[in-house]
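As they're listed, the protein sequences go chains A and B. Residue numbers for the first sequence follow the numbering used here, beginning at 10 and rising by one. Residue numbers for the second sequence follow the numbering used here, beginning at 10 and rising by one. Input: a single structure, listed below in structure tokens.
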Amino acid sequence: MNSGIRFDGVSVAYGGTTVLDHLDLTVEPGEVMALLGPSGSGKTTALRAVAGFVRPASGRVLIGGQDVTALPPYKRGIGMVVQQYALFPHLRVDANVAFGLKAQKAPKAEIPARVAEALEMTGMAAYARRYPRELSGGQQQRVAIARALAIRPRVLLLDEPLSALDAQLRSGMLAELARLHRELPDVSILYVTHDQVEALTLADRIAVMDKARLQDCGTPQDLYRRPRTEFTASFVGNANLLPVTVGARGVAFAGTDLEVATEDVAPGSGATLCVRPHLVGLGEGPNALRGRVAEVQWRGSTHRLYVEVGGHRVKADVRELRETPALGAEVTLHFAPEDAVLLGSGVSDG
Amino acid sequence: MLVHSRTGRWTAWALFAVLFVPLFALPLLVIVAASFSTHWSGAFPSGPTTAHYAAAVRGESLRALTTSLVTAVTASLVALTLGTWAALASAALGRRGRRILDALFMLPVAVPSVVVGLAVLVAFSQPPVLLNGTRWIVILAHTVLVTAFAHQSVSAAIRRLDPMYEQAAASLGARPAYVLLRVRLPLLLPSLNAAAGLCFALSMGELSATMMLYPPDWLPLPVLIFTATDRGSLFTGSALAVILMAATLLALLAVSHIRTRASFR
Numbered sequence: 010m011n012s013g014i015r016f017d018g019v020s021v022a023y024g025g026t027t028v029l030d031h032l033d034l035t036v037e038p039g040e041v042m043a044l045l046g047p048s049g050s051g052k053t054t055a056l057r058a059v060a061g062f063v064r065p066a067s068g069r070v071l072i073g074g075q076d077v078t079a080l081p082p083y084k085r086g087i088g089m090v091v092q093q094y095a096l097f098p099h100l101r102v103d104a105n106v107a108f109g110l111k112a113q114k115a116p117k118a119e120i121p122a123r124v125a126e127a128l129e130m131t132g133m134a135a136y137a138r139r140y141p142r143e144l145s146g147g148q149q150q151r152v153a154i155a156r157a158l159a160i161r162p163r164v165l166l167l168d169e170p171l172s173a174l175d176a177q178l179r180s181g182m183l184a185e186l187a188r189l190h191r192e193l194p195d196v197s198i199l200y201v202t203h204d205q206v207e208a209l210t211l212a213d214r215i216a217v218m219d220k221a222r223l224q225d226c227g228t229p230q231d232l233y234r235r236p237r238t239e240f241t242a243s244f245v246g247n248a249n250l251l252p253v254t255v256g257a258r259g260v261a262f263a264g265t266d267l268e269v270a271t272e273d274v275a276p277g278s279g280a281t282l283c284v285r286p287h288l289v290g291l292g293e294g295p296n297a298l299r300g301r302v303a304e305v306q307w308r309g310s311t312h313r314l315y316v317e318v319g320g321h322r323v324k325a326d327v328r329e330l331r332e333t334p335a336l337g338a339e340v341t342l343h344f345a346p347e348d349a350v351l352l353g354s355g356v357s358d359g
Numbered sequence: 010m011l012v013h014s015r016t017g018r019w020t021a022w023a024l025f026a027v028l029f030v031p032l033f034a035l036p037l038l039v040i041v042a043a044s045f046s047t048h049w050s051g052a053f054p055s056g057p058t059t060a061h062y063a064a065a066v067r068g069e070s071l072r073a074l075t076t077s078l079v080t081a082v083t084a085s086l087v088a089l090t091l092g093t094w095a096a097l098a099s100a101a102l103g104r105r106g107r108r109i110l111d112a113l114f115m116l117p118v119a120v121p122s123v124v125v126g127l128a129v130l131v132a133f134s135q136p137p138v139l140l141n142g143t144r145w146i147v148i149l150a151h152t153v154l155v156t157a158f159a160h161q162s163v164s165a166a167i168r169r170l171d172p173m174y175e176q177a178a179a180s181l182g183a184r185p186a187y188v189l190l191r192v193r194l195p196l197l198l199p200s201l202n203a204a205a206g207l208c209f210a211l212s213m214g215e216l217s218a219t220m221m222l223y224p225p226d227w228l229p230l231p232v233l234i235f236t237a238t239d240r241g242s243l244f245t246g247s248a249l250a251v252i253l254m255a256a257t258l259l260a261l262l263a264v265s266h267i268r269t270r271a272s273f274r
């Protein structure tokens, strides 16, 4: 069964404000697509358009090749898990999981087995007779996932499913979600999050959203190593964005010539050089940048240095230092030419 | 209120006693004392007796109590159904429609109940709907009066209900009617119970509209209390008042018991 999702020029507006602007995006059958972006970027609106809770002003939403734009939510065959779980407080865990099956009039004899299967899959079989209020946040989340999976949905919509959990539970649930997806390879998953770690860990592809628009879309590796926009570069991995002038064989930054690949960008124009902080090293090397230490943060296994170079702050994550450089001390940073990406657009240093 | 100092706490309790005892407790205690007496000429009642109660659970008085209970239960149930229906409908309307509907349902609260009684009397004293002289006119007036309260408390509860439950249900494939029956109404149940208790208590004590409408064979307890004291039978009236109070309190307790069992969070 074809289970993909397609956004075909979907726009959503609330009272004159466009919250989703002409979204074109395809989630392949069996693919995990993360919608990543800050709050207000339109990512949740996109998910709610698939669920049927918001009506697009224009465009179409297709599930499994079928146009569902005009269908009410209950006819769409989707599973959905939201941040606050939304378990029915008056029903026990097993009744919560059975809800969708009963609502869709599944054969009565089948229901107990399918409820047990869904609870088994999420490791909640032992809690079937509890009420939601008797469970911890992580357990409630598992029940919410079991409830969504019990109806064997074509697509699974996850709206910030882990943001109400603490950091340790979150990484455990991430592994669980990855395992669930391996067990259900046919289900397409649309995963809305503002957390790049969740997106990088779980997704086959990431769609980066900002200001109601799709900014970038690609595999995690692709977005991380070769971001196409400044927004992607800074939002995914918090990259250094350095305003440079493109020359014949490299670029010039703050009076220093740097050797980087410039194939796409015309010489003489302004551009942005994107370098990941953890790929910047301390000491002499290729593409050396001299500057003064403005701030040092100790992060356990690494030190984050902020170095003023020609009026710009360059971030460098280096392995834990024996001796912390003093503020104001002159240091040299370097990065390998192949670790830098040149973004062709103009510079907005900020 | 948080009062930390010892003197402050004593002052608060003293203030509470000064306000509560004479305003709320004493009048009720006086009624209870009077209901057990035959004379009250000095500071305290005299001639203790239970004869008023013996009379109050027989004949006319017992009939009046049953009449009140039947009226209150019927009016509350109908009011709860109509009020909830209207509240659910108004929640689905736009802002303006909701305001108009809410205002319409609040009318019987804004209008004095004597006026409501008169209006019902005038409206249903002639064909095609001739209810005057039957018990139905009393029940109808009570229903009109208490529906306002049912509507108001149920709408407040609906506004507090998080739409994420409905949406979760809809995403699981539940049609709107199924969502209403299996999710919204069960979640509203505690509020529905509270509203039912309120309607019942209001109807049990209703006098002014009832006075204008009651037929000879459908005489609720408050009317009997009024006519007894009007005739000068103050002690009989007091015994009936205590019974009315007790019956209402018992019913409210029963309802609040359902409420605690049905509250989920």
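Don't be surprised by glycine CBs; every beta carbon is placed ideally from N, CA and C.
If you follow the beta strand (DSSP E) that Thr406/A is in, where does it begin and where does it stop? Here chain A covers residues 10 to 359 and nothing more, so residue 406/A does not appear.
So Arg313/A is in the beta strand (DSSP E); what residue range does that whole segment cover? The sequence position of residue 313/A within the first sequence is 304, counting from 1. Counting along the chain, the beta strand (DSSP E) containing Arg313/A begins and ends at Thr311 to Val318.
Secondary structure at Ser357/A, three-state DSSP: helix, strand or coil? If you number the first sequence from 1, residue 357/A lands on position 348. Caution applies to Ser357/A, whose pLDDT of 41 falls short of 50 and renders its modelled position unreliable; the value that the coordinates give is listed next. If DSSP states are grouped into helix, strand and coil, Ser357/A belongs with coil.
What's the gap between the Cα of Gly177/B and the Cα of Met89/A? Here residue 177/B refers to the residue found at position 168 when the second sequence is read from its first residue. Here residue 89/A refers to the residue found at position 80 when the first sequence is read from its first residue. The identity of residue 177/B in the sequence shown is Ala, whereas the question assumes Gly. Roughly 7 Å separates the two Cα atoms.
Distance, Cα to Cα, Thr219/B vs Ala98/B? Counted from its first residue, the second sequence places residue 219/B at position 210. Counted from its first residue, the second sequence places residue 98/B at position 89. Near 30 Å, if we compare the C-alpha coordinates of Ala98/B and Thr219/B.
Is Tyr62/B close to chain A, meaning its C-beta is less than 7 Å from at least one C-beta of that chain? Translated into positions along the second sequence, residue 62/B becomes position 53. With 7 Å as the cut-off, Tyr62/B does not count as an interface residue toward chain A.
Select from Pro47/A, Ala60/A and Leu29/A the residue whose C-alpha is nearest the C-alpha of Ser67/A. The residue labelled residue 67/A in the question sits at position 58 within the first sequence. Ranking Pro47/A, Ala60/A and Leu29/A by Cα distance to Ser67/A puts Leu29/A first.
Status (buried if at least 16 other CB within 10 Å, exposed otherwise) for Gly246/B: Here residue 246/B is taken as the residue at index 237 of the second sequence, counted from 1. Buried.
Is Gly182/B close to chain A, meaning its C-beta is less than 7 Å from at least one C-beta of that chain? Looking up residue 182/B in the second sequence gives position 173. Yes, Gly182/B lies at the interface with chain A (some Cβ there is under 7 Å from its Cβ).
DSSP-derived helix/strand/coil call for Thr75/B: Against the second sequence, residue 75/B aligns to sequence position 66. DSSP places Thr75/B in helix when its eight states are reduced to three.
How many whole angstroms separate the CB atoms of Ala248/A and Gly319/A, which I take to be in contact at a CB cut-off of 8 Å? Sequence index remark: in the first sequence, residue 248/A carries index 239 (1-based). Sequence index remark: in the first sequence, residue 319/A carries index 310 (1-based). Incorrect: roughly 18 Å between the Cβ atoms, too far for contact.
Just reading off the beta strand (DSSP E) that Gly256/A is part of, what are its end residues? Within the first sequence, numbered from 1, the residue matching residue 256/A stands at position 247. Careful: Gly256/A lies outside any beta strand (DSSP E) and carries neither H nor E.
Determine whether the Cβ of Gln135/B lies closer than 7 Å to any Cβ atom of chain A. On the second sequence, residue 135/B is found 126 positions in, with the first residue counted as 1. No, no contact with chain A.
Collapsed DSSP secondary structure at Leu199/A in the structure displayed: On the first sequence, residue 199/A is found 190 positions in, with the first residue counted as 1. Three-state DSSP puts Leu199/A in a strand.
What are the boundary residues of the alpha helix (DSSP H) that Ile14/A is part of? Within the first sequence, the letter at position 5 stands for residue 14/A. No alpha helix (DSSP H) contains Ile14/A, which is instead part of the beta strand (DSSP E) from Ile14 to Tyr23.
Look at the Cβ atom of Ile87/A, then the Cβ atom of Ala107/A, and state whether they are nearer than 7 Å. The residue labelled residue 87/A in the question sits at position 78 within the first sequence. The residue labelled residue 107/A in the question sits at position 98 within the first sequence. Cβ distance not < 7 Å, so Ile87/A and Ala107/A don't count as in contact.
Listed in chain order, which residues of the stretch 141–159 of chain A have Cβ atoms closer than 9 Å to some Cβ of chain B? Pro141, Arg142, Ala153, Arg156, Ala157 and Ala159
First and last residue of the uninterrupted beta strand (DSSP E) at Asp30/A: Numbered from 1 along the first sequence, position 21 holds the residue referred to as residue 30/A. Here the beta strand (DSSP E) through Asp30/A covers Thr26 to Val36.
For Pro170/A, which beta-bridge partners are listed by DSSP? Here the question's residue 170/A lines up with position 161 in the first sequence. Per DSSP, none; premise fails for Pro170/A.
Taking the alpha carbon of Ala166/B as the point to measure from, which residue in Pro199/B, Ala88/B and Pro136/B has its own alpha carbon closest? Residue numbering aside, residue 166/B sits at position 157 when the second sequence is read from its first letter. For the residues Pro199/B, Ala88/B and Pro136/B, the minimum Cα distance to Ala166/B belongs to Pro199/B.
Mind pulling the alpha helix (DSSP H) runs of 4 or more residues that sit fully within the stretch 177–258 of chain B? 185–188, 194–214, 217–222 and 230–240
For Leu38/B, count neighbouring C-beta atoms within 10 Å of its own C-beta (all shown protein chains included) and say buried if the count is 16 or more, exposed if not. Stepping through the second sequence from its first residue, residue 38/B is reached at position 29. That one is exposed.
CA nearest to the CA of Pro229/B, picked from Ser180/B, Ala81/B and Pro195/B: As a first step, residue 229/B is located in the second sequence; it is residue number 220 there, counting from the start. For the residues Ser180/B, Ala81/B and Pro195/B, the minimum Cα distance to Pro229/B belongs to Ala81/B.
Going along the stretch 183–207 of chain B in order, which residues come within less than 9 Å of chain A, judged by CB to CB distance? Ala183, Arg184, Pro185, Tyr187, Val188, Arg191, Val192, Pro195, Leu196 and Leu198
Under 6 Å from any heavy atom of the ligand GTP, does the C-beta of Asp266/A make it? The model depicted lacks the ligand GTP and carries no ligand whatsoever.
Considering only the alpha carbon of each residue, which of Phe114/B, Val147/B and Leu32/B lies closest to Phe133/B? Working through the second sequence from its first residue, we reach residue 133/B at position 124. The candidate whose alpha carbon is nearest that of Phe133/B is Val147/B.
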